[in-house]
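Taking my numbering, the leading residue of the sequence shown gets 2, the next gets one more, and so forth.
Some notes on the structure that comes next.
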Amino acid sequence: MKDRLRPLEPDFWRAPSAHNTQPWTLTYTAEGAEVGWDPSRALPISDPTGRDLRLSLGAFVECCLIVCADAGLSVGFRPDPGPHRVGVLHAAAQPYRTPFTTADVRARGANRGEYHPGRLPDPLVAELTGMRRLACRDLADLLHAADLHQFGDREVTRELRAWLRLTRRHRRYLLDGLTDRALSLTRAEAIGLRASLALYPALRPLGLPRVLAGASRDLLDYDGDVLVLVGAVEDELEMGRVLMRHWLTLSAHGYATHPLSQIIDCEPTRRTLADRLGVADPRTLLHVARVGRPASPATPSSRLRS
Numbered sequence: 002m003k004d005r006l007r008p009l010e011p012d013f014w015r016a017p018s019a020h021n022t023q024p025w026t027l028t029y030t031a032e033g034a035e036v037g038w039d040p041s042r043a044l045p046i047s048d049p050t051g052r053d054l055r056l057s058l059g060a061f062v063e064c065c066l067i068v069c070a071d072a073g074l075s076v077g078f079r080p081d082p083g084p085h086r087v088g089v090l091h092a093a094a095q096p097y098r099t100p101f102t103t104a105d106v107r108a109r110g111a112n113r114g115e116y117h118p119g120r121l122p123d124p125l126v127a128e129l130t131g132m133r134r135l136a137c138r139d140l141a142d143l144l145h146a147a148d149l150h151q152f153g154d155r156e157v158t159r160e161l162r163a164w165l166r167l168t169r170r171h172r173r174y175l176l177d178g179l180t181d182r183a184l185s186l187t188r189a190e191a192i193g194l195r196a197s198l199a200l201y202p203a204l205r206p207l208g209l210p211r212v213l214a215g216a217s218r219d220l221l222d223y224d225g226d227v228l229v230l231v232g233a234v235e236d237e238l239e240m241g242r243v244l245m246r247h248w249l250t251l252s253a254h255g256y257a258t259h260p261l262s263q264i265i266d267c268e269p270t271r272r273t274l275a276d277r278l279g280v281a282d283p284r285t286l287l288h289v290a291r292v293g294r295p296a297s298p299a300t301p302s303s304r305l306r307s
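So this is what it looks like as structure tokens:
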């Protein structure tokens, strides 16, 4: 299996992950390929429960199965949790059944830039099992509150800064993390953000978190949609696979996504969002993203395998 899967790994690595950490690992054995994660690529501060980690590992598994099927390989996945491991890719009787292709995996991507106004068609939303829809403007207050919370937390901000690549001189600019281009920042905005975060300890008491949070104040001030994935906490790996299929479905219709999961990383805004959706258990809110037709193409995020 190793010889057949190795050439496909660059497309496996197109799976999404929080802060573009790409935490997944593949370890080839006689049984197949163990899907695991690198603890140094987890986010223990901003993702203490491992929700985003498990979602990204599920998305990675789905990418692997789609790409293998498109290559004509009969590969399946068996959950088999263990230390830093979630399961095994193994030889199967037939290829994974999926409507998606490697080209679809390559075409999908996040877009943090401007979106054209317009709501998603109802029939398309109905295809997205587990997704709840809200108007962008209905979440603007929660996004601002969540950003204030995020930038007000020293450790969360420090962890975010470690994954930012705001200059092309950064030694990992072409490998991982969030680049200035992937964040749709102008050169001046990137320089300003770098300077602000470098001076964070001194500027925090002077109101820097409010200034940083203000940058997204108008992000949701238009006629558009935000989608919230709701699912069982114990099924986060499987829900990551579902999320990947939903993103590919949206991408095939010309829509892009912009993750806004800081809303559910902040306890007060997560509870408020659950109330607005009529969801009894706030923990079942697994992912939040605005969705729409981007005004301009996004720069693909960097990848360790390319």
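Every residue, glycine too, gets a C-beta built ideally from N, C-alpha and C.
- Restricting attention to Pro301, Arg306 and Arg291, the CA atom closest to the CA of proline 118 is found in Arg291.
- If only complete runs of 3 or more residues are kept, the segment 39–84 shows the beta strand (DSSP E) at 76–83, in order along the chain.
- Contact between the segment 161–177 and the segment 248–258 is absent: fewer than 3 CB-CB pairs across the two stretches fall below 8 Å.
- For the 8 Å CB-CB criterion, valine 227 and leucine 140 form a contact.
- Under the three-state reduction of DSSP, aspartate 148 is assigned to helix.
- Tryptophan 25 sits in a strand when the DSSP states are folded into three classes.
- In the DSSP annotation of this structure, the continuous segment of the alpha helix (DSSP H) that includes proline 210 starts and ends at 209–215.
- If you draw a straight line from the Cα of serine 75 to the Cα of proline 100, it comes to about 15 Å.
- In this structure, the CA atom of alanine 108 is about 35 Å from the CA atom of aspartate 276.
- In this structure serine 303 is buried. Its beta-carbon is surrounded by 16 or more other beta-carbon atoms within 10 angstroms.
- Distance from the Cα of glutamate 32 is smallest, within the candidate group Pro210, Pro40, Pro295 and Ala93, for Ala93.
- At the C-beta level, leucine 161 and histidine 20 come within 8 Å of one another.
- Separation of the CB atoms of leucine 287 and valine 280 is rounded to 11 Å, and the pair is thereby denied contact status at 8 Å.
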